[in-house]
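Just below is one structure, and these are the notes that go with it.
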Amino acid sequence: MIRMTEPSKITSVPDHQPAAGGIAARARASVGPKYLSGLNPEQREAVETLDGPVLVLAGAGTGKTRVLTTRIAHILSQGRARPAEILSVTFTNKAAREMKHRLGQMLGHAVEGMPWLGTFHSIGGRILRFHAELAQLKSNFTVLDVDDQVRLLKQLLQAENIDDKRWPARMLAGLIDGWKNRGLTPSQVPSGEAAMFANGKGGKLYASYQERLKILNAADFGDLLLENIRIFREHPDILRQYQQRFKFILVDEYQDTNVAQYLWLRLLSQAPSSLASPRVREEADAQSAAGEGDSPQAGFVEAAPHPNPLPVKDGEREKNHVKNICCVGDDDQSIYGWRGAEVDNILRFEHDFPGAKVIRLERNYRSTGHILAAASHLIAHNEGRLGKTLRTEDHDGEKVTVTGSWDSEEEARGIGEEIEQIQRKGEKLNEIAILVRASYQMREFEDRFVTLGLPYRVIGGPRFYERAEIRDALAYLRVINSPADDLAFERIVNVPKRGLGDATIQLLHDHARKRRIPLFDAARAVVETDELKPKARGSLRDVVAQFDRWRAQREVTAHTDLAQIVLDESGYTEMWQKDRSADAAGRLENLKELVRSMEEFENLQGFLEHISLVMDREGGAEDDAVSLMTLHSAKGLEFDNVFLPGWEEGLFPSQRTLDEQGRAGLEEERRLGHVGLTRARRRAMIYFATNRRIHGTWSTTIPSRFLDELPAANVEITESKGGSAWGGTGGYGASRFDDMEAFGSTYSTPGWQRAQANRNRGGGRNGGGGRGGFEEEAATFSSSSSGPDFGSFSSRRRGPLTIEGELVAKSTGTTSEFSLSDRVFHQKFGYGRVTKIDGNKLTIAFDKAGEKKVVDSFVQRA
DNA sequence: CGCCCCTATTTTTTT
DNA sequence: AATAGGGGCG
């Protein structure tokens with residue numbers, strides 16, 4: 001299911017009349033502070049301190065979202081602002097949705113009137129559409145995704161004759177993204193950095209990329225904020241307009257803001273003042289950001305000057321008055337430094353916003369004593385923190401367990417059994433999560449769960465709108481909406497195959513470049529000449545004619561109908577219908593879902609405006625299933641039972657992060673561990689394995705240093721339940737947990753040696769909890785995390801194996817409903833015939849994939 | 001123009 | 001080990 005949060009159409013800049021005093025007074029009298037009653041004193045202070053800058057340091061599970069939403073309710077009921085005068089930003093659509101939802105519960109209907117509650121990008125995008133012409137764009141500009149970006153850059157690299165093997169377009173995209181995250185326009189990029197790419201051409205490429213974007217009437221994600229900043233700087237009158245409108249600013253997850261977001265917020269948060277010209281100051285800052293941003297991690301917190309200090313000279317303070325901004329965050333949960341987040345933003349808040357009030361929320365309402373103590377003790381090893389001490393009034397609960405396994409398969413088996421035990425106690429699978437450091441760890445669990453018939457869902461992974469069929473469909477609509485969208489045109493001009501290959505495209509490009517016209521117009525012109533072979537010429541003429549027709553139809557047809565017509569008439573639907581491969585059905589289903597989702601928008605334009613920003617899948621929590629996800633995507637979630645596998649040096653903390661980011665990287669990894677532990681309400685279970693297969697090769701690993709940083713008093717070392725190859729006694733150090741030697745000594749215990757011997761014999765690994773040699777076949781089912789277009793959105797009309805948010809495996813019955821030589825269909829292997837039946841396990845001769853053993857719930861009658 | 005084979009790659013993820 | 005993407009060949 002797709003969910004759109006933003007209204008589809010912006011009709012005008014909302015007005016900013018002051019709230020009527022009468023309404024305010026009435027609200028104060030009638031509502032009273034009843035919404036305040038459930039808050040603890042700190043929360044209450046965070047809600048009620050409306051004036052001046054406020055930083056709320058909200059540790060994990062301390063009621064952060066509650067504070068934010070209650071604060072909004074408070075502002076409204078106090079009559080301090082109208083809904084349209086509150087700017088409330090989050091990072092993800094999910095968070096924005098959650099806030100809207102909770103506000104709705106608190107206030108009833110009033111949420112509709114909060115037009116400025118959204119993600120940084122959706123709000124930046126909305127502002128940019130109002131002033132598009134100031135960024136040399138039209139208000140119907142396209143928002144490019146990463147794929148478009150890379151294709152565009154590839155073209156630029158080719159034009160410059162740069163070997164895109166040596167200088168990959170992806171790398172340049174990453175650089176440009178990084179610059180934009182730091183608020184740098186092409187001219188502001190430090191020359192040293194600009195020269196890094198392609199022997200000095202990096203800066204020039206960035207500049208020509210920006211030029212191309214304007215011609216294509218397109219913006220990338222970074223532009224949505226960067227162009228805002230530029231417009232604000234160059235047009236103080238426009239900035240003032242927004243400063244006046246937003247009486248209150250609220251920011252969620254402030255620790256994740258990057259420099260551009262910080263600049264954007266700071267511009268908007270300055271009280272409107274006709275005296276100070278923000279422009280001069282801002283530009284000076286940007287320069288300093290450029291100069292010092294070189295190695296943001298180098299000095300970490302202690303010495304590095306903040307790239308963007310808010311310059312406050314004596315006597316300028318009043319003029320530079322900062323208005324009511326409230327940032328909520330947790331420096332201990334900053335885990336996105338690798339993509340440009342500046343922990344410094346939160347660490348330097350008081351400095352940046354003089355007179356700021358800092359409120360700490362330290363009472364945790366989520367976890368038991370042992371879990372909280374373990375998490376706190378771990379994070380205390382970090383140096384660059386603002387410091388918080390989480391406390392709970394909950395009982396101690398069970399200790400955090402640490403379990404060693406021989407290898408990652410045993411780890412998965414052990415966790416599988418533990419889960420079954422939890423399930424037998426009657427607990428919900430929805431209350432169980434496995435949090436991994438890297439997504440390749442997921443496979444082992446998926447394999448195991450498929451074998452066990454344990455329902456699970458993978459959270460994260462490829463997004464709906466990143467799927468090829470969705471992007472193709474969108475490309476058709478983009479060309480209709482914006483004929484200058486060359487990237488979209490190029491994407492679908494030969495999809496389905498029309499005999500328009502590289503040669504034709506090249507010709508169109510030449511034409512387009514010579515006359516400085518879009519590809520589509522070039523195509524229209526070329527069709528009139530005889531430069532193309534008759535076949536290609538005919539095809540191209542048809543394409544042009546089709547688009548002309550669709551554009552005409554657009555005026556008289558509902559946009560959903562138009563989309564359906566386009567998909568059908570273009571032959572796109574047919575292309576997948578003819579496709580006999582396993583996932584074709586899912587793709588068709590996705591296309592249907594896309595058309596269905598368009599209904600939520602008024603028109604095509606509105607749909608396209610928001611699709612790349614707001615389209616998002618909904619977590620289908622209605623089925624009872626174990627959640628499997630990365631530590632990163634777990635932020636903000638909580639579960640009764642949390643499994644934390646893979647606590648080994650190299651994997652967690654990740655060697656790569658350590659290599660690239662040094663100590664700052666280690667601290668970020670540690671914060672990740674802290675995030676993982678604090679997801680748990682009742683039980684946290686840590687695992688490590690001695691041997692792990694990485695990229696196909698087995699290697700021996702040592703337990704994570706983070707294990708040594710856990711407090712012995714809150715941790716219990718347990719035995720793997722997966723049929724331990726360690727020998728019966730669990731032969732490693734039960735006593736001195738703080739001591740690395742406790743683990744080091746393990747390797748000389750009898751258990752370890754026995755395991756070693758077993759392994760050499762080749763029999764050790766399968767002996768324990770394995771249920772026959774079925775894993776190999778089962779393994780081939782899972783792939784929701786690796787196959788980008790596997791499965792579909794909806795579980796109902798398809799087989800049980802679907803993607804994220806949906807049931808993946810269904811418990812298997814004892815007898816098979818299939819008979820010999822039944823014709824069947826399998827999601828991954830396609831069509832085949834049953835050749836052997838063994839309980840619920842079928843042997844099937846697939847037309848393409850050959851003979852495979854498969855659980856019957858994974859196939860359906862063809 | 002399309003197909004097949006080879007090779008290089010392999011964290012974390014939002015918008 | 002597996003996969004995706006590019007290059008080369010038919």
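All the letters of the first sequence, read from the start, carry residue numbers 1 to 862 under UniProt numbering.
Quick reminder that beta carbons are idealized off the backbone N, C-alpha and C, glycines included.
Assuming residue i and residue j form a contact by the criterion Cβ under 8 Å, report the distance between their Cβ atoms to the nearest whole angstrom.
i: residue 601; j: residue 647; result: With a Cβ gap of about 45 Å, residue 601 and residue 647 do not count as contacting.
i: residue 219; j: residue 361; result: Contact flag wrong, Cβ pair sits at about 37 Å.
i: residue 653; j: residue 669; result: 4 Å
i: residue 507; j: residue 490; result: Going by Cβ atoms, the distance from residue 507 to residue 490 rounds to 13 Å, so no, they are not a contact pair.
i: residue 72; j: residue 250; result: 7 Å
i: residue 863; j: residue 710; result: Here the chain has residues from 1 to 862 only, and residue 863 is not among them.
i: residue 104; j: residue 388; result: About 30 Å separates the two Cβ atoms, so there is no contact after all.
i: residue 385; j: residue 331; result: 5 Å
i: residue 494; j: residue 500; result: 4 Å
i: residue 424; j: residue 625; result: Actually they are not in contact, since the Cβ atoms of residue 424 and residue 625 sit about 16 Å apart, beyond 8 Å.
i: residue 89; j: residue 252; result: 7 Å
Can you tell me where the beta strand (DSSP E) with residue i in it begins and where it stops?
i: residue 425; result: Unbroken run through residue 425: none, as it is neither H nor E.
i: residue 51; result: Neither: residue 51 is in no beta strand (DSSP E) and is coded neither H nor E.
i: residue 630; result: 626-630
i: residue 698; result: 697-700
i: residue 497; result: Note, residue 497: premise wrong, no beta strand (DSSP E); not H, not E.
i: residue 589; result: Run containing residue 589: none in the beta strand (DSSP E); it sits in the alpha helix (DSSP H), 584-598.
i: residue 118; result: 117-119
i: residue 470; result: Careful: residue 470 lies outside any beta strand (DSSP E), inside the alpha helix (DSSP H) at 468-481.
i: residue 526; result: It is not in any beta strand (DSSP E) - residue 526 instead sits in the alpha helix (DSSP H) that spans 519-527.
Under the DSSP definition of a beta bridge, which residues are partnered with residue i?
i: residue 407; result: 691
i: residue 654; result: 650, 651
i: residue 456; result: 626
i: residue 639; result: 680
i: residue 57; result: 329, 360
How far does the alpha helix (DSSP H) with residue i in it extend, from its first residue to its last?
i: residue 67; result: 64-77
i: residue 146; result: 146-159
i: residue 191; result: 191-194
i: residue 249; result: That residue, residue 249, is in no alpha helix (DSSP H); its beta strand (DSSP E) goes 248-251.
i: residue 257; result: From DSSP, residue 257 is part of no alpha helix (DSSP H); its letter is neither H nor E.
Assign residue i to buried or exposed, taking buried as 16 or more other Cβ atoms, counted over all protein chains shown, within 10 Å of its Cβ.
i: residue 587; result: buried
i: residue 715; result: buried
i: residue 236; result: buried
i: residue 676; result: buried
i: residue 699; result: exposed
i: residue 149; result: buried
i: residue 367; result: buried
i: residue 223; result: buried
i: residue 478; result: buried
i: residue 183; result: buried
i: residue 433; result: buried
i: residue 861; result: exposed
i: residue 536; result: buried
i: residue 835; result: exposed
i: residue 888; result: One cannot answer for residue 888 here, as it falls past the ends of the chain, which runs 1 to 862.
i: residue 614; result: buried
i: residue 585; result: buried
i: residue 68; result: buried
i: residue 411; result: buried
i: residue 534; result: exposed
i: residue 285; result: Bear in mind that a pLDDT of 44 at residue 285, under 50, signals an unreliable position, so the number given afterwards is only what the model happens to contain. Per the 10 Å Cβ criterion, buried.
i: residue 395; result: exposed
i: residue 377; result: buried
i: residue 169; result: buried
i: residue 599; result: exposed
i: residue 358; result: exposed
At least three beta-carbon pairs within less than 8 Å, the segment 179-195 to the segment 145-163: no
At least three beta-carbon pairs within less than 8 Å, the segment 399-412 to the segment 591-610: Using a Cβ-Cβ distance cut-off of 8 Å, the segment 399-412 and the segment 591-610 are not in contact, since fewer than three pairs of beta carbons, one from each stretch, lie closer than that value.
Cβ contact check for the segment 173-181 and the segment 202-211: 3 or more pairs under 8 Å: yes
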